[in-house]
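At position 117 of the sequence shown (counting the first as 1) the number is 120 in this note's numbering, and the numbers step up by one without a gap.
All residues carry an ideal CB built from backbone N, CA and C; glycine is no exception.
Before any comments, here is the structure.
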Amino acid sequence: MIEKGVTPPKGLEVNQTEMPILYKWLLLLHAAFAKIETYAPIINPTSIPANSTSEQAFPVNGLTVNDIVTATKPTHTDGIGIVNVRGGPNTAYITFVNITGAPIDPPSETYLISTVRR
4 MIEKGVTPPK GLEVNQTEMP ILYKWLLLLH AAFAKIETYA PIINPTSIPA NSTSEQAFPV
64 NGLTVNDIVT ATKPTHTDGI GIVNVRGGPN TAYITFVNIT GAPIDPPSET YLISTVRR
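Okay, structure coming up:
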């Protein structure tokens, strides 16, 4: 039996009383698991002022405002960290922190952006 609230994919009409048990389980699994995507954009952050944070926007085709987004910087840059990442329409918003007393210009690198969408 399919739980209440689980619906078949768009465009597919299903008579639930005649649906095979296997298909019922497939619908449940489809509804239960999130879709995970990864992207590898080249990101070139602007200079981060001393002792501050800076949110910057970078184009990443496919992101949405409802995505759960993570960003991984491929190398270590002394004094720089990533403190928040969020998605927008085809955009990753990354907030960098500079914990030093001088501005830092992080290098242009290929970041790993991962998203979870349900």
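Inspect the beta-carbon positions of residue i and residue j and report whether they are closer than 8 Å.
i: Thr67; j: Thr98; result: no
i: Tyr114; j: Ile46; result: yes
i: Ile83; j: Ile116; result: no
i: Ala43; j: Gly104; result: no
i: Thr73; j: Glu112; result: no
For residue i, which three-state DSSP category applies?
i: Leu115; result: strand
i: Lys27; result: helix
i: Ala105; result: coil
Whose C-beta lies closer than 6 Å to the C-beta of residue i among residues of the same chain, with five residues either side of it excluded?
i: Glu58; result: Tyr96 and Thr98
i: Val119; result: Ala37, Ile39 and Ile71
i: Asp81; result: none
i: Arg121; result: Ala37
Alpha carbon to alpha carbon, how far is residue i from residue j?
i: Asn101; j: Gly91; result: 24 Å
i: Pro110; j: Asn87; result: 19 Å
i: Pro48; j: Ile107; result: 10 Å
i: Lys76; j: Leu31; result: 36 Å
i: Arg89; j: Asn69; result: 9 Å
i: Thr41; j: Leu29; result: 24 Å
i: Lys27; j: Ile85; result: 42 Å
Within the same chain, show all residues whose beta-carbon is closer than 8 Å to that of residue i, passing over the 5 residues directly before and after it, in chain order.
i: Thr3; result: Since the first residue of the chain shown is 4 and the last is 121, residue 3 is not available in this structure.
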